[in-house]
Amino acid sequence: MAPHGTQDVRKLVAESAELSLAPQQRLFDDVVRWLQSEFLAEWQARKRREGVLEFDDQLLAARELLVSSRAARRDFQAEFATLLVDEFQDTDPVQLEIALLLSSPDLDETRPEKLRPGPGRLFIVGDPKQSIYRFRGADIETYMGMVEADPGRAPRLERLALTRNFRSVPSILRFADALFGRIMTPPATGRYQPPYLAFGGAGERAEESDPPHVYLLGNGTSEVDRD
């Protein structure tokens with residue numbers, strides 16, 4: 005039966021797209037199953053034979069040690085009284101769990117959602133607008149969960165905002181505020197886009213009327229003796 009109206013046309017287009025993607029989807033599913041059942045198992049066995057660890061292996065091994073050994077946690081906490089995690093917006097959940105295991109005084113607690121760092125033991129520095137490592141496991145919601153969550157469900161942190169810019173002249177700050185203040189808006193659902201925090205248009209450098217100077221020495225024709 006011939007389609008009638010745009011809704012019928014859209015339905016046919018959608019069905020055609022599904023039919024055209026079906027073989028590729030089946031092929032993709034087959035590849036994923038092969039990776040899970042054969043490739044990954046062989047890869048793990050080969051790494052064990054050769055004594056090789058990838059970066060993710062080191063993270064998982066460190067977490068397993070801290071979870072399984074109360075003595076290890078106690079010794080590491082005695083060695084490192086304070087932890088500072090820079091670029092926290094690029095932290096993945098496993099890395100966060102390691103930081104909490106190393107900073108929580110309750111050595112019997114290993115559940116990530118129950119870990120609480122001791123007073124003055126954990127400092128984090130980050131900018132949610134710079135979270136760009138999702139492909140490596142970093143999750144902006146990890147950051148937001150730490151700094152905005154209910155203190156009863158997450159570590160109690162004192163939040164300090166660094167809002168003074170020491171790198172840019174006022175005209176650059178005004179341009180950034182005018183442009184990104186309009187386009188960097190939080191979505192209706194989800195927390196993957198933080199709200200825009202304006203610079204305020206007042207740079208902390210000298211006025212543009214007196215910019216930095218570069219002085220060239222010599223007349224451009226003479227050579228300097230290397231000795």
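Numbering (the working numbering), first residue to last: 5 to 231. A virtual CB, placed ideally from N, CA and C, is assigned to each residue, including glycine. The model shown is predicted, which means the values in this text are computed figures rather than measured ones.
### Message
Which of the three DSSP states is assigned to I136 in this structure?
### Response
By 1-based counting over the sequence shown, the position of residue 136 is 132. Coil at I136, not helix or strand.
### Query
Given 8 Å as the limit, is there contact between the stretch 66 to 86 and the stretch 109 to 122, that is, 3 or more CB pairs closer than that?
Taking 8 Å as the limit for Cβ pairs, the verdict is that the stretch 109 to 122 does touch the stretch 66 to 86.
### Query
If you drop the 5 nearest sequence neighbours on each side, which residues of the same chain put their C-beta closer than 6 Å to that of D94?
Numbered from 1 along the sequence shown, position 90 holds the residue referred to as residue 94. Excluding sequence neighbours, D94 sits near Y137 and A142.
### Query
Could you give the uninterrupted runs of the beta strand (DSSP E) lying entirely in the stretch 80 to 143, keeping only those of 3 residues or more?
87 to 89 and 126 to 128
### Query
Quick one, are the C-beta atoms of K51 and L44 less than 8 Å apart?
In the sequence shown, residue 51 corresponds to position 47, counting from 1. In the sequence shown, residue 44 corresponds to position 40, counting from 1. Taking 8 Å as the Cβ cut-off, K51 and L44 do not qualify as a contacting pair.
### DSSP-derived helix/strand/coil call for E42
To locate residue 42, count along the sequence shown from 1; it is residue 38. E42 falls in the helix class under three-state DSSP.
### Task
Please report how far the alpha carbon of D61 lies from the alpha carbon of F170, in whole angstroms.
Here residue 61 refers to the residue found at position 57 when the sequence shown is read from its first residue. Here residue 170 refers to the residue found at position 166 when the sequence shown is read from its first residue. When rounded, the distance between both Cα atoms is 39 Å.
### Query
Under the rule that 16 or more other beta-carbon atoms within 10 Å means buried, what is T146, buried or exposed?
Numbered from its first residue, the sequence shown carries residue 146 at position 142. Classification of T146: buried, given that the 10 Å Cβ count is 16 or more.
#### Entry: Reduced DSSP secondary structure (H/G/I, E/B, other) of R163
Here residue 163 refers to the residue found at position 159 of the sequence shown. If DSSP states are grouped into helix, strand and coil, R163 belongs with coil.
### Query
Expressed to the nearest angstrom, what Euclidean distance is found between the alpha-carbon atoms of R178 and R186?
Within the sequence shown, the letter at position 174 stands for residue 178. Within the sequence shown, the letter at position 182 stands for residue 186. The straight-line gap from Cα to Cα measures roughly 13 Å.
### Query
Using the C-alpha atoms, what's the distance from M150 back to L161?
Along the sequence shown, one-based indexing puts residue 161 at 157. Along the sequence shown, one-based indexing puts residue 150 at 146. Between L161 and M150, the alpha-carbon positions lie close to 8 Å from each other.
### Query
Can you tell which of A85, E101, S41 and W47 has the C-alpha that lies nearest to the C-alpha of A65?
Along the sequence shown, one-based indexing puts residue 65 at 61. Here the closest residue by C-alpha is E101.
### Query
Is it true that the CB of T86 sits closer than 8 Å to the CB of R125?
Residue numbering aside, residue 125 sits at position 121 when the sequence shown is read from its first letter. Residue numbering aside, residue 86 sits at position 82 when the sequence shown is read from its first letter. Yes, the Cβ-Cβ distance between R125 and T86 is below 8 Å.
### Message
Less than 8 Å between the beta carbons of G122 and P109, yes or no?
### Response
For the purposes of this step, residue 122 is identified with residue 118 of the sequence shown, where counting begins at 1. For the purposes of this step, residue 109 is identified with residue 105 of the sequence shown, where counting begins at 1. Between G122 and P109, the gap from beta carbon to beta carbon is short of 8 Å.
### Query
To the nearest whole angstrom, what separates the beta carbons of P132 and P198, a pair I think is in contact under 8 Å?
Taking the sequence shown and counting its residues from 1, the one referred to as residue 132 is at position 128. Taking the sequence shown and counting its residues from 1, the one referred to as residue 198 is at position 194. Correct: roughly 4 Å between the Cβ atoms.
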